[in-house]
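So the structure is just underneath, and the comments pick up after that.
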Amino acid sequence: MKNTTIENDKGKRYAVIAITSYLLLIVGWTDAIFGSLIEPLEEWYDLTERTISLAFLFYVVGSITSSYLSSICIQKLGIRWFIISMTTLYCAGALIDAFKPIFPAYVFGVYLMGVGTGSMQTSATAVLSHFEDGPLMTLVYSNMALGSVISPFIIGAFLQYDIGWHHNFWILVGFAAILIISSWFIFKNFDTHDTEKDDYTLREKLRIVLPSKKLWIGLLAEAGLLTTQDSFSQWIAPYVKDLKGLSNGQPQYTVAGFWGGLMVGRLLLAHGSAKIGKRRSSVTMYIILCALIAGLWKVNSLGGTVTLVILIGFFFGPLMPNTLSIGVECWSRELKNAATSIIMATSLFGSLLAPFALSQAADEFSLKIFPPVLIVECFITAIIVSFTFVTRPIKEEEDILNYKSTKPESVRTSTDFVSDTSPKLKQPV
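Numbering (the UniProt record's numbering), first residue to last: 1 to 429.
Shown next, in the form of structure tokens:
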């Protein structure tokens, strides 16, 4: 039986959009859960905040691992079995932590959950990148912010009513079970693109993608975004607590306001951003963010601080889906999966290293460096995004991966070229 794609089965589009939305909801929910659980975990394990926070590093390492492996796994297993197998690992990690294990086992469970969420986000992005609807990725990505908004409130309610912290992981086990069942039916006989026209190995695809400046500029733009956004989201609570005088749960609600603003920004700015142009609008948003962070630096009132944090989240909103779309739009359908996994996995190093580096700098100096560091990060990322014009799709008369039967000696794609011993990938004359 011939597998279906979004091109030859239009009716399946809505089901695919729904399940990718659910995938990103789980990712956002899980991303936010660890920061909110630091306090109860400190009490349970009798460890310091810094030690408990190290578990999040293993979560990011798990995400990086699965993102790098996703391209080859999707090609070997297919999108259906890849999502099911990685979600099973995610479920196993949540199940381990649901039983309040010893701390090393808890960290291992967190790592497995990172493997799961990394594969979920990469799979969702790979599937969405094959849709031609400009604002669609931004709109679907709003579900990731929605999960990040809801999760802290659920955890807060559990703590308020003395419900054990481990029950949060039972919720994630339920999410995973629903996803496995849904993926079994929705992704049955489904491929992200027409694989009958794609007989190229992953190694051959990587030899096209990796040397391309288009890939690396898109990758740097995504890494710059994650560096800035994750530094802000992870350090805004201690910043407003220590330097703005917020207390009694106000810093946590401020973080929720950031994620709420991010979600609303993705919903409201999606169409406008696509209409203006993703590159132009992204550079504009970074400039606005520089001004807002400068305002946060100087404003000391509660209302002004919370308002600025929400506005910062609002203008961060469309940047992740915009940047991902910019980074992968230049590639043919057969190369999108490989490009997506490389961009997402490598850019996660920014998410891993930047908050850690900021914590070391804050220990050495103080959290007063927080706003100027973020302003510099935004400015540098805006410059990188301004160079992403080279990733614009170029319509070519010939496409390297569309000529299964002819295999010409000299071919062109919208990417750069490298020499290769394979006759399918020869340098154009």
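The beta carbon of each residue, even a glycine, is placed where N, CA and C say it ideally should be.
For a cut-off of 8 Å, the C-beta gap from N143 to G28 is around 7 Å, short enough to register as a contact. Here F315 is buried. Its C-beta has 16 or more other C-beta atoms within 10 Å.
Look at the beta carbons and you see the stretch 162-169 touching the stretch 94-108: at least three pairs across the two are nearer than 8 Å. At a Cβ-Cβ threshold of 8 Å, I312 and F258 count as neighbours. CA-to-CA, the gap between L215 and G93 works out to about 32 Å. Straight across, the Cα-Cα distance linking C290 with I310 is about 14 Å. For F190, the three-state secondary structure derived from DSSP is strand. In the structure shown, the three-state DSSP call for H167 is helix. Residue environment for D363: exposed (fewer than 16 other C-beta atoms within 10 angstroms of its C-beta).
Taking 4 residues as the minimum length, the alpha helix (DSSP H) runs contained wholly in the stretch 250-330 are 250-276, 278-298, 302-316, 319-328, in order along the chain. By the criterion of a C-beta distance shorter than 6 Å, S70 is surrounded in its chain by S119, T122, S341, once the five residues flanking it on both sides are discounted. Where F103 is concerned, the enclosing alpha helix (DSSP H) starts and stops at 103-128. Taking every protein chain shown into account, the CB of I17 has 16 or more other CB atoms within 10 angstroms, so this residue is buried. The beta carbon of V306 sits closer than 7 Å to the beta carbons of T254, G257 from its chain, once the five residues preceding and following it are set aside; these are given in chain order.
G147 and Y90 have their C-alpha atoms some 16 Å from each other.
Ranked by Cα distance from F108, the options I72, I343, V60 are led by V60. Less than 8 Å separates the beta-carbon of V140 from that of T20. The shortest CA-to-CA distance from E222 to any of S53, W44, S351 is the one to S351. In this structure S151 is not in contact with P355, their Cβ atoms being roughly 18 Å apart against a cut-off of 8 Å.
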